[in-house]
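Protein chains in written order, with the numbering used here: chain B, 10 to 409; chain V, 169 to 385; chain X, 41 to 247; chain F, 290 to 568.
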Amino acid sequence: MKNLSAFMIFLLLSAAGTALADNADPPESVVTEAAEELEVISAVDLEASDTPEDAGGSVNLTWQMETVGSDPDSLGVIRSGPEGEELITTLPEGTVMYIDQTVDNGTEYSYWIVSYSGGYVQASSEVAAAIPSAQWIYRGRIGMLIILSLMAGVIIYFIESGKKGKELFIREIAGLAAVDDAVGRATEMGKPVLYIPGIMDMDDIQTIASMVILGRVARKTAEYGSSLLVPTCRSVVMSVAQEVVKEGYIQVGRPDAYNKENIQYLTDDQFGYAAGVDGIMVREKPAAIFLLGTFYAESLILAETGRSVGAIQIAGTAMPSQIPFFVAACDYTLIGEELFAASAYLSREPKLLGSLKGQDAAKLFFMILIVIGVVSATIGDFWSPLKSVAEFLRRLVTVN
Amino acid sequence: MNWEILGIWLGAIVTLCLYSFLYRDNPFYKFVEHLFVGMSAGYWVIYNIENVLIPNWWQNMFPPEGGFNGIWIIPGVFALFMIARILPKTASLSRLSLGMIVGVGAGLNMVSFFQTNALAQVKGTIFSLASGGVWSIFSSLVLVVGVVSGLVYFFFSKAHTGVVGRTANVGITILMVAFGASFGYTIMARLSLLIGRFQFLLEDWLPTIPRLLGLGG
Amino acid sequence: MRLVIPLAITFTAGMIMILNFFVPHQPFKFLGENLQEWYMIVASGAIFLGVMNLMHVHSRKIRLKQKNWKYSPVTIIGFLLMLVTGLIYGVAENMPFDYLFMNMVAPMSATMFSLLAFFVASAAFRAFRASNWRATLLLTSAFLVMLGQVPIGAMIWDKIPLAKVWLMSIPNTAGQRAVMIGAAMGVVSTSLRMIFGIERSWLGGAD
Amino acid sequence: MADFYEKLGNLDRRIIFVLIALSVMIPIIFNMVFPNPVGAEPSRDMFDYVDALPEGSNVLLSFDYDPSTMPELQPMAEAIVLHLFKKNINIVGMALWPQGASLGQDAMSSMADSLGKVQFEDWVNLGYKTGGGVMIVRLGSSMSAVFPTDRDNVPWSEIPMLRSITNLESFSLIISLSAGDPGIIQWVMMAGDRFGVPIGGGCTAVSAPTLYTYLQTGQMVGLLGGLKGAADYETLIGIVGGQAVRGMAPQSIAHVVIMLFIIIGNVAYFLQRKKGGVK
Chain B
10 MKNLSAFMIF LLLSAAGTAL ADNADPPESV VTEAAEELEV ISAVDLEASD TPEDAGGSVN
70 LTWQMETVGS DPDSLGVIRS GPEGEELITT LPEGTVMYID QTVDNGTEYS YWIVSYSGGY
130 VQASSEVAAA IPSAQWIYRG RIGMLIILSL MAGVIIYFIE SGKKGKELFI REIAGLAAVD
190 DAVGRATEMG KPVLYIPGIM DMDDIQTIAS MVILGRVARK TAEYGSSLLV PTCRSVVMSV
250 AQEVVKEGYI QVGRPDAYNK ENIQYLTDDQ FGYAAGVDGI MVREKPAAIF LLGTFYAESL
310 ILAETGRSVG AIQIAGTAMP SQIPFFVAAC DYTLIGEELF AASAYLSREP KLLGSLKGQD
370 AAKLFFMILI VIGVVSATIG DFWSPLKSVA EFLRRLVTVN
Chain V
169 MNWEILGIWL GAIVTLCLYS FLYRDNPFYK FVEHLFVGMS AGYWVIYNIE NVLIPNWWQN
229 MFPPEGGFNG IWIIPGVFAL FMIARILPKT ASLSRLSLGM IVGVGAGLNM VSFFQTNALA
289 QVKGTIFSLA SGGVWSIFSS LVLVVGVVSG LVYFFFSKAH TGVVGRTANV GITILMVAFG
349 ASFGYTIMAR LSLLIGRFQF LLEDWLPTIP RLLGLGG
Chain X
41 MRLVIPLAIT FTAGMIMILN FFVPHQPFKF LGENLQEWYM IVASGAIFLG VMNLMHVHSR
101 KIRLKQKNWK YSPVTIIGFL LMLVTGLIYG VAENMPFDYL FMNMVAPMSA TMFSLLAFFV
161 ASAAFRAFRA SNWRATLLLT SAFLVMLGQV PIGAMIWDKI PLAKVWLMSI PNTAGQRAVM
221 IGAAMGVVST SLRMIFGIER SWLGGAD
Chain F
290 MADFYEKLGN LDRRIIFVLI ALSVMIPIIF NMVFPNPVGA EPSRDMFDYV DALPEGSNVL
350 LSFDYDPSTM PELQPMAEAI VLHLFKKNIN IVGMALWPQG ASLGQDAMSS MADSLGKVQF
410 EDWVNLGYKT GGGVMIVRLG SSMSAVFPTD RDNVPWSEIP MLRSITNLES FSLIISLSAG
470 DPGIIQWVMM AGDRFGVPIG GGCTAVSAPT LYTYLQTGQM VGLLGGLKGA ADYETLIGIV
530 GGQAVRGMAP QSIAHVVIML FIIIGNVAYF LQRKKGGVK
């Protein structure tokens with residue numbers, strides 16, 4: 010009982026305490042008023058400039074706030090242009106930049122920033138003006154544009170010279186030399202050939218390269234008369250694969266042997282696809298498996314299962330993280346660029362071989378760039394003029 | 169019916185069925201494999217409708233604030249051309265869509281690969297060898313020699329004999345060391361996935377068995 | 041003619057994407073941004089083509105009573121289950137579609153992914169044999185990195201983790217860079233062949 | 290006998306599968322913890338650098354990850370926060386990833402509660418800001434311009450511990466726990482290279498190799514890579530049986546099993562070749 014009354018007293022006291030605390034409010038507001046007597050700070054160093062490297066219609070504004078004084082409640086951006094003067098936006102206090110995207114190219118606009126406090130404009134900045142315009146080039150990408158055009162020019166030059174029938178040498182690529190054997194073995198054993206074009210869609214350049222190789226493989230399987238299975242992870246890839254394989258069969262005069270059902274879509278799901286392909290591998294027991302295209306983690310799931318059914322496996326990808334698994338689990342692996350060289354190698358067409366020579370020239374260019382860069386940067390540490398050479402080269406290959 | 173426990177059981181059953189593949193192909197794996205293919209295909213159809221077709225196409229064409237934006241008919245038409253493949257008569261229309269897809273892909277890949285795979289890597293390789301101690305200089309040298317000789321390995325129009333052959337040999341050697349290292353390094357990440365699945369089976373699923381049998385809480 | 045129009049579209053689309061990267065000016069900005077989205081829409085719309093093929097293949101299997109046809113209904117039912125729940129209930133959390141995804145599709149994905157733990161082991165056992173000096177290097181560097189990853193490496197010699205870091209940061213970086221730069225050349229050349237119609241077999245056309 | 294070696298060399302892979310499964314399962318069931326000696330690794334460099342910071346210094350801790358990479362990065366976050374608090378170093382938390390801010394809050398507030406550290410005096414969470422590298426450059430000129438308030442909208446000027454902080458140069462060290470982009474790379478390029486602030490960090494195992502180059506060039510003072518890095522840090526600051534260290538037990542056993550198989554495979558291969566049993 011005693012406890013209870015003590016508790017009641019405590020409750021009463023604490024309620025009173027809260028009331029007292031409420032009463033303590035006014036002094037605090039006095040403090041606030043005192044602060045308001047300080048001048049409200051305004052924006053300074055306002056700069057307006059055309060947004061660089063855009064399609065126009067945009068002006069960048071930057072400013073700083075004064076440091077001494079009381080903070081405003083909010084900031085307003087005022088623009089004066091052909092449509093007259095208007096408040097274009099209100100920004101929270103502390104903001105120091107704004108991009109106005111409601112302007113027309115070629116017209117001059119003036120801007121100033123006002124500080125609001127208590128609902129009124131208490132301070133205003135200087136005026137700054139800018140004329141928005143559109144640019145024709147990203148300046149940070151000029152170096153890249155030059156190098157890219159140069160390479161494209163060289164590659165196209167070699168393609169043209171290839172077309173003219175210039176004899177071109179190409180070194181042996183073990184994985185591609187084995188394509189015939191692999192298809193031949195499958196035919197002898199009366200087992201199918203399985204072609205896996207990676208898990209990415211048709212916009213992926215490795216998939217595109219893979220489709221080109223599929224065309225060559227299809228011709229071989231048509232010639233030898235073995236069946237070719239192509240499960241795909243994307244609908245568009247399935248469509249292209251159907252076209253390519255059909256064409257391959259037509260070209261060697263075996264359109265009758267083409268079976269559309271062999272080129273099927275499974276699922277867009279990475280691991281659902283892996284599960285489905287694993288199933289095909291253990292049930293159809295292909296004698297040759299091609300894994301060419303873009304692969305992610307599923308690479309080893311496929312390659313190990315393929316290995317376990319005793320197939321000859323030829324893999325190829327430009328994904329640096331997956332190459333090690335293919336190297337470990339497949340008989341032949343096309344590493345990186347070798348995948349892209351495959352269509353030229355298999356077709357032996359002069360114009361395609363020419364493009365390989367163009368690629369070599371491009372690589373040579375980069376090798377020389379690296380060597381000159383490293384040498385000049387190293388010597389530049391002791392003899393400064395060379396340092397600027399290295400700096401120049403680094404800037405050349407920098408893209409912004 | 170306890171949906172949560174049912175969910176755990178469904179997850180555990182499909183997990184165990186898929187693991188049975190490690191022993192050999194069997195009806196359990198076949199069942200779950202077929203289920204997986206079907207369900208995931210269905211999932212991606214819905215995903216594409218919900219995350220691409222509705223927000224990126226339909227709502228662009230018919231903005232929620234009203235009106236009609238005619239330019240979005242174009243991708244719709246291209247998509248229809250693609251689907252027109254099912255009828256032999258209209259099949260060749262799909263080539264137009266394929267042309268567009270491959271064009272976008274080729275153009276986009278060309279610049280992005282050139283920027284991030286070529287230029288950025290070349291830039292990263294231009295540095296002074298003369299920094300740090302002997303070991304650091306040696307390492308930098310290995311890096312530069314590795315990149316350059318690796319590129320020589322990829323030369324197609326020169327036979328790998330003589331100086332080119334020897335350099336290409338250095339290149340393939342460094343590639344092999346790199347592949348080995350990368351392989352060994354990834355094992356940990358793969359094991360983590362397996363640990364995650366076993367934790368699910370041992371810590372989430374197993375405890376539900378006594379509960380279902382009415383033993384313990 | 042049956043190749044000219046598609047190739048013209050490829051050329052135009054490819055050039056727009058390239059110019060879009062270098063030129064901020066209109067109309068390239070507008071076209072470039074739109075084309076990417078259009079591509080996404082077309083590729084997404086094409087999924088119907090894929091699933092129609094999937095349904096066709098499996099119903100045909102059932103009809104012709106091909107090998108393993110008894111499993112084909114599972115695929116069809118699984119597909120319809122997701123499709124119907126997704127269309128009726130939507131994709132919000134705690135709805136049937138989400139429930140099926142979280143409790144079936146996601147565990148199946150995670151389990152397939154985790155098979156890799158077994159496969160890296162069997163691939164390592166079989167492939168890492170010191171049969172020639174290159175294979176020996178592959179084996180040695182893999183072995184050292186594995187040792188460096190786990191405490192036992194540091195127990196044997198405290199420099200082993202350092203060797204791992206060196207292998208990963210020097211030879212591995214060098215190898216990856218060489219592969220990446222080389223591949224970029226292959227990509228540029230393949231893209232050029234596509235954009236300029238030099239390679240056209242992907243359209244099913246003669247080359 | 291050559292027959293035996295051949296069999297050994299072509300061992301059924303299912304035996305390997307069983308052993309891998311067991312080596313992961315047993316440590317989980319028995320909750321095993323292994324000792325985790327730390328060699329001369331980047332994680333030790335990281336620890337040494339933090340350990341040598343004087344009491345009362347300010348450290349910027351950026352939580353640049355999201356829940357999907359929590360298993361690797363959250364143990365790091367907790368261990369680093371604990372270490373900094375124990376050393377009486379002030380922590381200014383922030384995030385380049387939206388969900389990082391709340392993950393950071395979890396790590397800091399739970400450690401602060403157990404060590405009696407006071408918010409706004411010993412630690413503060415400024416929250417998430419978009420903009421990545423560009424935003425970091427702005428931090429180099431003025432922190433309060435980018436973060437006028439902390440995560441809970443407490444104004445900068447009302448937080449006592451921030452009085453001594455003007456820009457990035459006010460920090461003795463910046464630590465980024467990074468799951469990708471934006472992350473450590475942006476901190477190194479924008480904060481480290483431009484303003485000369487030492488950068489340390491932690492990252493997922495997958496991205497560690499790319500970041501090792503920054504250690505080589507001295508652009509980073511140390512790095513925790515993946516679960517192993519987290520376990521190292523836990524060991525170095527003396528946590529027994531921490532989250533990351535526990536996760537290392539199945540990893541260790543499975544790694545050893547795989548290495549043993551590689552050895553067996555090679556021994557069998559050589560003995561077989563010696564007997565002339567192989568081509």
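Just so you know, even glycine gets a beta-carbon here, dropped at the ideal spot from N, CA and C. Keep in mind it's a predicted model, so treat the numbers as computed, not measured.
So what does DSSP say about residue i, is it helix, strand or coil?
i                : result
Ser317 (chain B) : helix
Met135 (chain X) : coil
Ala299 (chain B) : Correcting the residue identity first, residue 299 (chain B) is Phe in this sequence and not Ala. Strand.
Asn69 (chain B)  : strand
Ala209 (chain V) : helix
Pro364 (chain F) : helix
Leu47 (chain B)  : coil
Trp121 (chain B) : strand
Ala327 (chain V) : coil
Met321 (chain F) : coil
Trp386 (chain F) : coil
Asp109 (chain B) : strand
Trp226 (chain V) : helix
Met478 (chain F) : helix
Met74 (chain B)  : strand
Under 8 Å Cβ to Cβ from residue i, same chain only, skipping five residues before and after it: list those, please.
i                : result
Phe374 (chain F) : Ile380, Met400, Ala401, Leu404, Lys406, Asp411, Trp412
Thr50 (chain X)  : Met234, Ile235, Gly237
Ile176 (chain X) : Reading off the sequence, residue 176 (chain X) comes out as Thr, not Ile. Contacts found: Ala170.
Ala187 (chain B) : Ile321, Ile323, Asp340, Tyr341
Can you list, in chain order, the residues of its chain whose CB lies under 6 Å from that of residue i, leaving out five sequence neighbours each side?
i                : result
Lys204 (chain X) : Val185, Gly188
Ser195 (chain B) : Per the sequence shown, residue 195 (chain B) should be read as Ala rather than Ser. Excluding sequence neighbours, Ala195 (chain B) sits near Val202, Ser235, Ala296, Ala297.
Leu311 (chain F) : none
Leu47 (chain B)  : Gly78, Ser79
Leu362 (chain B) : Gly171, Leu177, Ile179, Ala353
Gly302 (chain B) : Pro206, Gly207, Gln215, Thr216, Ser219
Ala480 (chain F) : Ile425, Leu457, Ile463, Val486
Val136 (chain B) : Ser119, Trp121
What residues in its chain sit with their C-beta under 7 Å from that of residue i, if we drop five residues either side in the sequence?
i                : result
Val263 (chain F) : Past the edges of chain F, shown from 290 to 568, lies residue 263 (chain F), and the structure says nothing about it.
Glu313 (chain B) : Ala338
task: Could you list the residues in the stretch 237 to 256 of chain V with a C-beta less than 8 Å from some C-beta on chain B, going in chain order?
output: Met250, Arg253
task: Say whether the stretch 140 to 156 of chain X touches the stretch 230 to 247 of chain V, bearing in mind that this needs 3 or more beta-carbon pairs closer than 8 Å, one atom from each stretch.
output: no
message: Under 9 Å, CB to CB, which of the residues in the stretch 191 to 206 of chain V have a partner in chain X?
response: Pro195, Lys198, Phe199, Val200, Glu201, His202, Leu203, Phe204, Val205, Gly206
- prompt: For the stretch 434 to 451 of chain F, which residues have a CB atom closer than 7 Å to at least one CB atom of chain B, in sequence order?
  reply: Ala434, Pro437
task: Give a yes or no on contact between the stretch 156 to 171 of chain B and the stretch 300 to 311 of chain V, applying the rule of three or more CB pairs nearer than 8 Å.
output: no
query: the stretch 303 to 326 of chain F: which residues have C-beta closer than 7 Å to a C-beta of chain V, in chain order?
result: Arg303, Phe306, Val313, Met314, Ile317, Ile318
query: Taking any Cβ of chain X, which residues in the stretch 527 to 554 of chain F have a Cβ under 8 Å from it, in chain order?
result: Met537, Gln540, Ser541, Ala543, His544, Val545, Val546, Ile547, Met548, Phe550, Ile551, Ile553, Gly554
task: Indicate whether the contact test is met: 3 or more Cβ pairs, each with one atom in the stretch 296 to 309 of chain F and one in the stretch 477 to 488 of chain F, closer than 8 Å.
output: no
- prompt: Of the residues that make up the stretch 512 to 526 of chain F, which ones have a beta carbon closer than 8 Å to any beta carbon in chain V?
  reply: Gly515, Leu516, Lys517
query: Looking at chain F, which residues of the stretch 159 to 179 of chain X have a Cβ within less than 8 Å of any of its Cβ atoms?
result: Val160, Ala161, Ser162, Ala164, Phe165, Arg166, Phe168, Arg169, Ala170, Ser171, Leu179
message: Ignoring anything shorter than 3 residues, give me the beta strand (DSSP E) runs that lie fully in the stretch 504 to 537 of chain F, in order along the chain.
response: 511 to 514
field: Validate contact between the stretch 70 to 85 of chain X and the stretch 245 to 254 of chain V using beta carbons, cut 8 Å, 3 pairs
entry: yes
- prompt: Of the residues that make up the stretch 64 to 85 of chain X, which ones have a beta carbon closer than 7 Å to any beta carbon in chain B?
  reply: Pro64, His65, Gln66, Lys69, Tyr79, Ala83
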